[in-house]
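Colleague:
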Amino acid sequence: MLLTLSYALAFSVLFIAAISDLKTTEVPDIFPVIGVLGGLLLHLAASYTQGIDFETLISFTVLFNSPMTWFQALGDPLVWSISIGIAFSIYGWALYFLGVWGGADAFAMSVLGFAAPYGLAGPDLAYPVNLFLNIMIVGFLYTLGFAFYKSLKHRKVWRTTYRDIKEQEFRISLEILGAMLISVSGIYTGSFNGFLYFFILVSFIFLYRLLKNIEDGLMRQTVPVSELEGGEVLAREEEKGGVVKGITEEEIEDIEAESVEIREGVRFVPVFPVALLITMLFGGGFNWLILII
39 MLLTLSYALA FSVLFIAAIS DLKTTEVPDI FPVIGVLGGL LLHLAASYTQ GIDFETLISF
99 TVLFNSPMTW FQALGDPLVW SISIGIAFSI YGWALYFLGV WGGADAFAMS VLGFAAPYGL
159 AGPDLAYPVN LFLNIMIVGF LYTLGFAFYK SLKHRKVWRT TYRDIKEQEF RISLEILGAM
219 LISVSGIYTG SFNGFLYFFI LVSFIFLYRL LKNIEDGLMR QTVPVSELEG GEVLAREEEK
279 GGVVKGITEE EIEDIEAESV EIREGVRFVP VFPVALLITM LFGGGFNWLI LII
């Protein structure tokens, strides 16, 4: 019951965060904080009902001589919540500091790790692996759908992409040749589906050019500083340290230029509740990856 509440809490806060992200591009920190703290507390309560080894926990000898034994005395639910929560958080916040994700996306990853570290059937490493892979798969499809939606509204990006392909014929030919060599090795060794890989790799070659033009041409706009309200993300060359962070009202006052270039990111938070729901209902993840391979 406690773990069911934790997963329901994770889905609820992420669903609300996703709605906020889609409507305003902003996610109040209170939602992911509730998800992380609530997940930890519910898993602590689950460990307590199953039996926490307090005698081991108060032993400094065990703590210093066998920290893993001491950690396991917390009980499986809390151990898994802390372990998977830290692992997911490291990944999410690493992408944040690399400038790939926003803070809300990294926070959402932490919510999943702390509040939904394993399935209702019990501790199982396959569950967090499936959840992680589902985030990657759903995220890729979501980003792809978002990109094509933007491109259909602005047909000029297709003309620009076609022009880039014509200008890069030699480089693209080499990339296709590389894809062919990889695919032939799969066909020859029988280790993977070479024909499928060739199709996927060639698709990525052209898809990369399209996505790059969408990012450069459709995901940026120049606006007067006077129209900034706070929360907007400056274009990459104007960021500090590469971190995806909305500008504050105090920072707006310090801008000396009359206008700045801001960029619109993919509103990625909806990926997380969808990936959680898919993992809970179908598993997916690893099995889908094996199917592709």
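So the sequence shown is numbered by this note's numbering: it starts at 39 and just counts up by one.
Think of the CB as a built atom: it goes at the ideal place given N, C-alpha and C, for glycine as much as any other residue.
Model, not experiment: these values are computed from the prediction.
DSSP on residue 262, reduced to helix/strand/coil?
Modeller: Here the question's residue 262 lines up with position 224 in the sequence shown. DSSP places residue 262 in strand when its eight states are reduced to three.
Colleague: Would you kindly check if the distance between the Cβ of residue 305 and the Cβ of residue 63 is under 8 Å?
Modeller: Counted from its first residue, the sequence shown places residue 63 at position 25. Counted from its first residue, the sequence shown places residue 305 at position 267. Closer than 8 Å, so yes.
Colleague: Quick one: grab the DSSP three-state call for residue 89.
Modeller: The sequence position of residue 89 within the sequence shown is 51, counting from 1. Coil at residue 89, not helix or strand.
Colleague: Whole angstroms is fine: what's the gap from residue 276's alpha carbon to residue 203's?
Modeller: Translated into the one-based positions of the sequence shown, residue 276 becomes position 238. Translated into the one-based positions of the sequence shown, residue 203 becomes position 165. Because residue 276 carries a pLDDT of 47, less than 50, the predicted location of this residue cannot be relied on, and the following value inherits that uncertainty. Cα to Cα, residue 276 sits roughly 28 Å from residue 203.
Colleague: Between residue 65 and residue 307, is the Cβ-Cβ spacing less than 8 Å?
Modeller: Here residue 65 corresponds to residue number 27 of the sequence shown, with the count starting at 1. Here residue 307 corresponds to residue number 269 of the sequence shown, with the count starting at 1. Yes; because the gap between Cβ atoms is below 8 Å, this pair is in contact.
Colleague: Does DSSP put residue 321 in a helix, a strand or coil?
Modeller: In the sequence shown, the residue the question calls residue 321 occupies position 283. Coil.
Colleague: Mind checking who residue 151 pairs with in its DSSP beta bridge?
Modeller: As a first step, residue 151 is located in the sequence shown; it is residue number 113 there, counting from the start. DSSP, once it has assigned bridges, lists no residue as partnering residue 151.
Colleague: Counting only the same chain and skipping the five closest in sequence on each side, list residues whose C-beta sits under 8 Å from that of residue 43.
Modeller: Here residue 43 corresponds to residue number 5 of the sequence shown, with the count starting at 1. So the qualifying residues of the chain are 80.
Colleague: To the nearest angstrom, report how far apart residue 183 and residue 220 are at their CA atoms.
Modeller: For the purposes of this step, residue 183 is taken as residue 145 along the sequence shown, with counting starting at 1. For the purposes of this step, residue 220 is taken as residue 182 along the sequence shown, with counting starting at 1. Those two C-alpha atoms are separated by around 27 Å.
Colleague: If you follow the alpha helix (DSSP H) that residue 117 is in, where does it begin and where does it stop?
Modeller: Mapped onto the sequence shown, residue 117 falls at position 79. Residues 114 to 135.
Colleague: Quick check on residue 275: does DSSP put it in helix, strand or coil?
Modeller: As a first step, residue 275 must be located in the sequence shown, where it is residue number 237. Bear in mind that the predicted position of residue 275 carries a pLDDT of just 47, short of 50, making it unreliable; the figure below should be weighed with that in mind. It is helical.
Colleague: Just reading off the alpha helix (DSSP H) that residue 64 is part of, what are its end residues?
Modeller: Within the sequence shown, the letter at position 26 stands for residue 64. Where residue 64 is concerned, there is no enclosing alpha helix (DSSP H), given that its DSSP letter is neither H nor E.
Colleague: Take residue 76 as the anchor and find which of 60, 50, 314 has the nearest alpha-carbon.
Modeller: Within the sequence shown, numbered from 1, the residue matching residue 76 stands at position 38. Among 60, 50, 314, the Cα nearest to that of residue 76 belongs to 50.
Colleague: For residue 111, which three-state DSSP category applies?
Modeller: Counted from its first residue, the sequence shown places residue 111 at position 73. Here residue 111 sits in coil by DSSP.
Colleague: Starting from the C-beta of residue 238, find all residues in its chain whose C-beta is less than 6 Å away, skip the five residues before and the five after it, and write them out in chain order.
Modeller: The residue given as residue 238 occupies position 200 in the sequence shown. Contacts found: none.
Colleague: Below 8 Å CB to CB, which residues in the same chain sit around residue 89 once its five sequence neighbours on both sides are set aside?
Modeller: The residue labelled residue 89 in the question sits at position 51 within the sequence shown. Excluding sequence neighbours, residue 89 sits near 113.
Colleague: Quick check on this structure: which residue in 144, 236, 106, 85 has the alpha carbon closest to the alpha carbon of residue 70?
Modeller: Here residue 70 refers to the residue found at position 32 when the sequence shown is read from its first residue. Closest option to residue 70, Cα to Cα, is 144.
Colleague: Are the CB atoms of residue 130 and residue 147 within a distance shorter than 8 Å?
Modeller: Looking up residue 147 in the sequence shown gives position 109. Looking up residue 130 in the sequence shown gives position 92. Yes. Within cutoff.
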